[in-house]
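Trainee: Quick one: the structure is below, questions incoming.
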Amino acid sequence: MNYFSAIGDRILTAPQTFGRIVTIPDGDIAMIQLDHILAVNGSMIRNGSLNDHTNYVSMNNFEWDASRDYWRPKFALGD
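Read in order, the letters of the sequence shown correspond to residues 1056 to 1134 in the working numbering.
So this is what it looks like as structure tokens:
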């Protein structure tokens, strides 16, 4: 079953780096807002501004993890 990306979907972009899809300007490109940012010392910085912590990703590089209800990088192991 194919799942199509939607606004509001959670996405794992890197270890301990989650975000949400905020817009889909093109069919396979999504703009995401990161929930937390890892600081240099390893602590988590909470996102306070949409403009400060957004990124564009190609959804071709992600797959839907139905057991956890989020997108994750293809071929990623673990959580």
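Beta carbons: idealized from backbone N, C-alpha and C, even for Gly.
Quick one: what's got a C-beta closer than 7 Å to M1086's C-beta in the same chain, skipping five residues either side?
Mentor: Excluding positions up to five away in sequence, the list reads V1077, T1078, P1080, T1109, Y1111.
Trainee: Who are the Cβ neighbours of A1061 in its own chain at under 6 Å, not counting the five residues just before and after it?
Mentor: Cβ neighbours of A1061 beyond the five flanking positions: none.
Trainee: Please list the terminal residues of the continuous beta strand (DSSP E) segment that includes S1122.
Mentor: Taken as a continuous stretch (DSSP letters only), S1122 belongs to no beta strand (DSSP E), as it is neither H nor E.
Trainee: Look at the alpha carbon of D1064 and the alpha carbon of E1118, and state the distance between them as a whole number of angstroms.
Mentor: When rounded, the distance between both Cα atoms is 12 Å.
Trainee: Cα-Cα, which of N1057, F1059, T1068, A1131 is closest to I1092?
Mentor: Checked all of N1057, F1059, T1068, A1131; the closest Cα to I1092 is T1068.
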